[in-house]
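Notes for the one structure printed next.
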Amino acid sequence: MSLRPVSSVQLTFIRISFLHMTFAISFVLVGGGIVALPLDWQLRGGLAAGLVALLWSSFTLADTMALLSRGSVRCGRRRRPERRRA
4 MSLRPVSSVQ LTFIRISFLH MTFAISFVLV GGGIVALPLD WQLRGGLAAG
54 LVALLWSSFT LADTMALLSR GSVRCGRRRR PERRRA
């Protein structure tokens, strides 16, 4: 066993790849569960469309949050609402 410390960059990469893997595995398992349901194909198609919509909205939310956090980092501070003068 090595005694050298693990850098934070490597830990961040491991966490991100773990999140990607768990997200992909859960997506595959839910998709497989939809296919395995004892329903007709129209209901399965509707559930699959809902799964795709959920996936799309989660990517949109993640992209929006990344843009918002990048904007606050670029400015150096968070924007505060301006006070109106009387």
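By the count of my numbering, the sequence shown reaches residue 89 at its end, each step adding exactly one. Ideal placement from N, C-alpha and C gives every residue a C-beta, glycine not left out.
Two segments are said to touch when three or more pairs of C-beta atoms, one from each, lie closer than 8 Å; by this definition the stretch 27–37 touches the stretch 46–63. Separation of SER61 and PHE26 (C-alpha to C-alpha, rounded to the nearest whole angstrom) is 11 Å.
Distance check between VAL55 and each of MET24, LEU22, PHE30 places PHE30 closest, using alpha-carbon atoms only. Just so you know, the alpha carbons of LEU42 and TRP59 end up roughly 24 Å apart. About 15 Å separates the beta carbon of LEU57 from that of ARG47, a gap too long to meet the 8 Å contact definition. In the three-state reduction of the DSSP assignment, ASP43 falls in the coil class.
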